[in-house]
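Using this note's numbering, read the sequence shown as starting at 156 and increasing by one per residue. Ideal Cβ placement from N, Cα and C applies to all residues, glycine included.
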Amino acid sequence: MTLSRNESLLQRSRAAVWHPCTQMKHHESQPLVPIVRGEGVWLFDADGKRYLDAVSSWWVNLFGHGHPHIKAALHAQLDSLDHVMLAGLTHEPVIELSERLAQLTGLGHAFYASDGASATEIALKMSAHLWRNQGQPEKNGFVSLAQGYHGETVGALAVTDIPLFRSAYAPLVRAAAVVPSPDARLAELGMDAEQQAESAAQALEAWLQEHHAHTAALIVEPMVQCAAGMAMYHPHYLRRARALCTQYGVHLIADEIATGFGRTGERFACEAAGIRADFICLSKGLTGGTLPLSAVLTTDEVYAAFYDDDTARGFLHSHSYTGNPLACRAALATLDLLDDAQLARNRDTARCLSLVARPLDEHPGLQNARQMGMIWAWDAVTDDPLFSRRFHRAALEQGLLLRPIGRTLYFMPPYVIDDGAMAHLVEGSLQALHGALT
Ligand SMILES: *Cc1c(COP(=O)(O)O)cnc(C)c1O
Numbered sequence: 156m157t158l159s160r161n162e163s164l165l166q167r168s169r170a171a172v173w174h175p176c177t178q179m180k181h182h183e184s185q186p187l188v189p190i191v192r193g194e195g196v197w198l199f200d201a202d203g204k205r206y207l208d209a210v211s212s213w214w215v216n217l218f219g220h221g222h223p224h225i226k227a228a229l230h231a232q233l234d235s236l237d238h239v240m241l242a243g244l245t246h247e248p249v250i251e252l253s254e255r256l257a258q259l260t261g262l263g264h265a266f267y268a269s270d271g272a273s274a275t276e277i278a279l280k281m282s283a284h285l286w287r288n289q290g291q292p293e294k295n296g297f298v299s300l301a302q303g304y305h306g307e308t309v310g311a312l313a314v315t316d317i318p319l320f321r322s323a324y325a326p327l328v329r330a331a332a333v334v335p336s337p338d339a340r341l342a343e344l345g346m347d348a349e350q351q352a353e354s355a356a357q358a359l360e361a362w363l364q365e366h367h368a369h370t371a372a373l374i375v376e377p378m379v380q381c382a383a384g385m386a387m388y389h390p391h392y393l394r395r396a397r398a399l400c401t402q403y404g405v406h407l408i409a410d411e412i413a414t415g416f417g418r419t420g421e422r423f424a425c426e427a428a429g430i431r432a433d434f435i436c437l438s439k440g441l442t443g444g445t446l447p448l449s450a451v452l453t454t455d456e457v458y459a460a461f462y463d464d465d466t467a468r469g470f471l472h473s474h475s476y477t478g479n480p481l482a483c484r485a486a487l488a489t490l491d492l493l494d495d496a497q498l499a500r501n502r503d504t505a506r507c508l509s510l511v512a513r514p515l516d517e518h519p520g521l522q523n524a525r526q527m528g529m530i531w532a533w534d535a536v537t538d539d540p541l542f543s544r545r546f547h548r549a550a551l552e553q554g555l556l557l558r559p560i561g562r563t564l565y566f567m568p569p570y571v572i573d574d575g576a577m578a579h580l581v582e583g584s585l586q587a588l589h590g591a592l593t
């Protein structure tokens, strides 16, 4: 018996690859999709079927697959320098990227790693180490928001409040304190999003009043808690959190790993509240979805607290690929594309897709329709624990890559989605809903 190329890849992958975020046994009934090519918003499998990448390949892809400007930058960099260690050495791509990120965020001293969870670890370590350097080693606790997500390494799990990801490892984790989420969906009857934000801010205030002396930092996902199911909230919360952190001498860490680079409408989500955090974590869209890279930027004051003759007062954290030149070049090319004109085009695209998606807003099987920047979400009216997997599968049949989070269906498409792809996205979603909700 001869297998198609698709089937052969599936079999080999199941035998050799342990896939992320997956109970592997589910692939007995739900096949993997072997992707051989990407072009713009489309992914192609080995049999030539195409899928609209409506989740930007886990929120990383901003400008579609194989963007010529990013590809050209990578080719050129590969011809001069592939990689070099960043301790004791430096290179132009990392210098230029650090300068540009500083200019865009108002924070500097970029420290690099390769993934989001590592950026979280770096920010947490830097914050606690700063207090230690300043003679307050007891300020080493963290506070995070209910249903927050900051990555899944053991350190990052300390501030990630998603039981499915954390419970099995609870004995390994020094869990942070959790304060209520400003998620607008949690507003009680008669309360609006801003009042919900204020109520969550009051809970934070009460917590800080009591515990600030042992707290190094508050970590938040500004404006949208994406992994919680696109939980959007009012910027009032960020303004209050900023003021409270300043008042109580606690760092504010903005995890913009998912929200940065235009996803929520502004270049960075903190801009919606007009605040500056003490640390900002970046990854995901940073390289336009081409190479793994993350960065943490911070204030001059934080940097100065490590600057000393004593080696042990320095920040000695390192990863082998810190500041990889290829990844930095991809990031620079991505930033070239993400200019003000692109942010304005995104606003037009968002208006357009919101109109096209109206039938979903009005669908009796969906509630809590919400949108911010280039993110759309709805909650399915179902208690079927298999909804997400059933919808995912039905969507694949429609030529759509969509993975609901629990019962939350969301779109996070690349910014280059056009009218035809939008229609395909909404029509296919309606079909998939029909299949998944019955
Ligand atoms: C994805 C994500 C992370 C973790 O990034 P990885 O690269 O997957 O480790 C951290 N924080 C937020 C807000 C994220 O969305």
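{"Check": "The stretch 511-530 contacting the stretch 439-458, beta-carbon criterion three pairs below 8 Å", "Outcome": "no"}
{"Check": "Proximity test, I530 beta-carbon vs ligand 1 heavy atom, cut-off 7 Å", "Outcome": "no"}
{"Check": "Cβ-heavy atom distance, A272 to ligand 1, below 7 Å", "Outcome": "yes"}
{"Check": "Any 3 or more C-beta pairs closer than 8 Å across the stretch 316-327 and the stretch 389-396", "Outcome": "no"}
{"Check": "Per DSSP, the bridge partner or partners of R545", "Outcome": "R545 is not bridged to any residue."}
{"Check": "Where F434 sits in the DSSP three-state scheme", "Outcome": "strand"}
{"Check": "Backbone CA spacing between Q586 and I572 [nearest angstrom]", "Outcome": "20 Å"}
{"Check": "Buried versus exposed, by CB contacts within 10 Å (16 or more), D539", "Outcome": "exposed"}
{"Check": "Minimum C-alpha distance to D495 - residue among F423, K280, A535", "Outcome": "F423"}
{"Check": "Backbone CA spacing between L493 and P175 [nearest angstrom]", "Outcome": "29 Å"}
{"Check": "Pairwise C-alpha distance: L564 and S159", "Outcome": "32 Å"}
{"Check": "C-beta atoms of I250 and A382 nearer than 8 Å", "Outcome": "no"}
{"Check": "Cβ-Cβ distance between F434 and S282 below 8 Å", "Outcome": "yes"}
{"Check": "For F297, three-class secondary structure by DSSP", "Outcome": "strand"}
{"Check": "Residue(s) in a DSSP beta bridge with H220", "Outcome": "G195"}
{"Check": "Ligand 1 heavy atom lying under 7 Å from the CB of C483", "Outcome": "no"}
{"Check": "I250 in three-state terms, based on DSSP", "Outcome": "helix"}
{"Check": "Residue nearest to E194 in terms of C-alpha spacing, selected from A486, G444, S543, T477", "Outcome": "G444"}
{"Check": "Distance, T593 Cα to W531 Cα", "Outcome": "23 Å"}
{"Check": "C-alpha gap between A201 and D347, whole angstroms", "Outcome": "49 Å"}
{"Check": "E276 Cβ short of 7 Å to ligand 1 heavy atom set", "Outcome": "no"}
{"Check": "Chain-order list of residues whose beta-carbon lies under 8 Å from that of R169 (same chain, five-residue window excluded)", "Outcome": "M179, H182, L187"}
{"Check": "Beta strand (DSSP E) runs contained entirely in the stretch 447-509, provided each spans 3 or more residues", "Outcome": "449-453"}
{"Check": "Straight-line Cα distance separating L521 from A535", "Outcome": "4 Å"}
{"Check": "Any non-hydrogen atom of ligand 1 within 7 Å of A382 CB", "Outcome": "yes"}
{"Check": "Buried versus exposed, by CB contacts within 10 Å (16 or more), P337", "Outcome": "buried"}
{"Check": "8 Å contact criterion, which A278 and I430 should meet: CB distance rounded", "Outcome": "That pair is no contact at about 16 Å."}
{"Check": "Per-residue DSSP class, three states only, for W213", "Outcome": "helix"}
{"Check": "Cβ-based neighbour list, D455, same chain, cut-off 8 Å, excluding 5 preceding and 5 following", "Outcome": "G263, H264"}
{"Check": "R468 vs N295 beta-carbon contact at 8 Å", "Outcome": "no"}
{"Check": "CB of Q185 within 8 Å of CB of R544, strictly", "Outcome": "yes"}
{"Check": "First and last residue of the uninterrupted alpha helix (DSSP H) at I317", "Outcome": "Looking at the DSSP string, I317 is not in any alpha helix (DSSP H), and its letter there is neither H nor E."}
{"Check": "Buried versus exposed call for Y462 [16 or more other C-beta atoms within 10 Å across all chains shown]", "Outcome": "exposed"}
{"Check": "Given 8 Å, three or more beta-carbon pairs between the stretch 224-236 and the stretch 480-492", "Outcome": "yes"}
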